[in-house]
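All residue numbers for the sequence shown refer to the working numbering, where the first residue is 78 and numbers rise by one. Reading through the structure tokens given below for one structure.
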Amino acid sequence: MTHKISPAEWEVLNVLWEKSSATGAEVCAALAGEQAWHPKTVGTFLARLVGKGLVKVRRAGKANVYVPAKSRAQCIRAEGDSFLRRIFRGSCGPMLLHFVERAELSPAEIRELERALKQKKAKP
């Protein structure tokens, strides 16, 4: 999967992942507190996501029902891989150092990172 997902499309996908499926009106209602998008705007985002193969659509009476075709994990993985290639030329180490040096990490997050690095180091 190599589709670029816009920030607005991520918002729509997040609603669909939370609800499992939703009509355009339901997506619009779920975003109402965060976004002041017109229903046609939400419809455009949904159509783009369908076109990218990230969302499936089926008819239910008079409404279209939208269902995620890809999981959140699949989309995050693809987006992360794309970011790594574009910004850090595919090199993970410099990217990790960049974010670790700039992040405010809790002691629990630091322990988790240390655990993951120790596991990685132990593997041949």
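Glycine residues also receive a C-beta, built at the ideal position from the N, C-alpha and C atoms.
Next item on the list: Can you grab the Cα-Cα spacing for the pair Pro201 / Cys169, in whole Å?
Entry: 18 Å
Notebook entry, point to check: Any idea what DSSP makes of Arg162, helix, strand or coil?
Noted result: helix
Note to self: Can you check which of these residues, Ala185, Pro184 and Arg154, is closest to Ile82 by C-alpha distance?
What the structure shows: Arg154
Next item on the list: Please state if the CB of Leu161 and the CB of Ala146 are separated by a distance shorter than 8 Å.
Entry: no
Next item on the list: Give me the Cα-Cα distance between Ser159 and Trp87, rounded to the nearest whole angstrom.
Entry: 15 Å
Check: Any idea which residues DSSP pairs Arg135 with across the strands?
Finding: Val142
Item checked: With 16 other Cβ atoms within 10 Å as the buried cut-off, status of Ala52 -> Past the edges of the chain, shown from 78 to 201, lies residue 52, and the structure says nothing about it.
Notebook entry, point to check: DSSP three-state call for Ala99: helix, strand or coil?
Noted result: strand
Next item on the list: Spatial neighbours of Asn141 within its chain, please: CB distance less than 6 Å, with the 5 preceding and 5 following residues excluded, ordered by chain position.
Entry: Val134
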